[in-house]
Structures are given as structure tokens and as C-alpha cells.
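K.L.:
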Amino acid sequence: LSPAYRDLFVNWDSKASDMVSYLRLYAGCHPDDPELSALVGELSVKSDEFRRLWATHNVKEKGHGVKLLRHPLVGELTLSYETLKLPDDEEQHLVTYHAEPGSDSAQSLRLLASWGADAGLTDVIGDAGR
Numbered sequence: 001l002s003p004a005y006r007d008l009f010v011n012w013d014s015k016a017s018d019m020v021s022y023l024r025l026y027a028g029c030h031p032d033d034p035e036l037s038a039l040v041g042e043l044s045v046k047s048d049e050f051r052r053l054w055a056t057h058n059v060k061e062k063g064h065g066v067k068l069l070r071h072p073l074v075g076e077l078t079l080s081y082e083t084l085k086l087p088d089d090e091e092q093h094l095v096t097y098h099a100e101p102g103s104d105s106a107q108s109l110r111l112l113a114s115w116g117a118d119a120g121l122t123d124v125i126g127d128a129g130r
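Residue numbering for the sequence shown follows this note's numbering, starting at 1 and increasing by one per position.
Have a look at this one:
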């Protein structure tokens, strides 16, 4: 529902369709979940786009693919992802993302990581540690 969230995805229409399909799969596995029912109800009331996508009844499991993101500081990122199911808990998944080595996206991720590393160090040890 957030325009700011929508702006993060270069291919919003495809991403929105995927996310609703993932939600429908989860809803099928948890038909008696009152919080999930409330979420679907709220989204259906507040979003014509969600209502239209939900009505298609598409179901999709997240596996692997490419995400095209638009970061507010470094611009567009092309990231490949792979979803791994954890063997001891079907509800938990590990999703890994990576950029093609040497690509503009890889350089942008390194830049973001360097900024995050500096901020994280301050969070852990405080300004006195610098």
C-alpha cells in the first residue's frame, strides 16, 4: 500500500503479482489463521490492485530468480536470489541475494556495505571507540 515501497521495485507489477501469489500459498497452508485473514481483508478493502491480484487465485512458491531494485542512494540493483528451505522447520526459509561479480550492482552493494559497516560499528561500540 505504501508508494515508497512500490518505488523500490523497478518491475512493480510483476513483483506485486508474485507477492500476492506467495501470500495466497501461505493462506492455503494456514486457512484458520485469524491474523492472516484480517490482513487479506484489510488489503482487499484498501487496495484495488491487491483485490484484482487476489481474485486471480495464482499460487506461487518463492524459489529463485532476479530482483530489480531501485535503491534511493545507489540507484538500480540487479540481484539474483535463491530460496533455501530449512529442513527442520517448513515455515522458515533462508533467502540469499547476490550481484554478478564485477557488475555495477556489485559495486553498489560494496558501497552500501561500507556505509553500513561504519554505522554498525558506532551502534556496537559507541562513538568512544572511534
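Here a beta-carbon is modelled for each residue, glycine too, at the ideal position from N, C-alpha and C.
Taking just the CA atoms, how far does Lys46 sit from Lys67?
P.N.:
26 angstroms
K.L.:
Secondary structure at Leu94, three-state DSSP: helix, strand or coil?
P.N.:
Note: Leu94 maps to strand in three-state DSSP.
K.L.:
Within 8 angstroms: the Cβ of Pro31 and any heavy atom of the ligand FMN?
P.N.:
Absence of the ligand FMN is noted for the structure shown, with no ligands found whatsoever.
K.L.:
Cutting at 7 angstroms between CB atoms, please list the residues of its own chain near Leu111, excluding the five before and the five after it.
P.N.:
Val74
K.L.:
Is the distance from the Cβ of His98 to the Cβ of Lys62 below 9 angstroms?
P.N.:
no
K.L.:
According to DSSP, simplified to helix, strand and coil, what is Glu76?
P.N.:
Strand, per DSSP.
K.L.:
Report yes if the CB atom of Lys60 is closer than 9 angstroms to the CB atom of Ser108, and no otherwise.
P.N.:
no
K.L.:
Taking the alpha-carbon of Leu86 as reference, which of Leu79, Val95, Thr78 has the nearest alpha-carbon?
P.N.:
Val95
K.L.:
Measuring only the C-alpha atoms, how far is Gly216 from Ala55?
P.N.:
The chain is shown from 1 up to 130; residue 216 falls before or after that span and cannot be answered.
K.L.:
For Arg6, which residues in the same chain have their Cβ closer than 7 angstroms to its Cβ, ignoring the five residues on either side in sequence?
P.N.:
Trp12
K.L.:
Kindly list the residues whose CB is nearer than 7 angstroms to the CB of Tyr81, restricted to its own chain and excluding five residues on each side of it in sequence; keep chain order.
P.N.:
His64, Gly65, Lys67, Val95, Thr96, Tyr97
K.L.:
In whole angstroms, give me the CA-to-CA distance for Lys15 and Pro34.
P.N.:
25 angstroms
K.L.:
Which of helix, strand or coil does DSSP assign to Leu43?
P.N.:
helix
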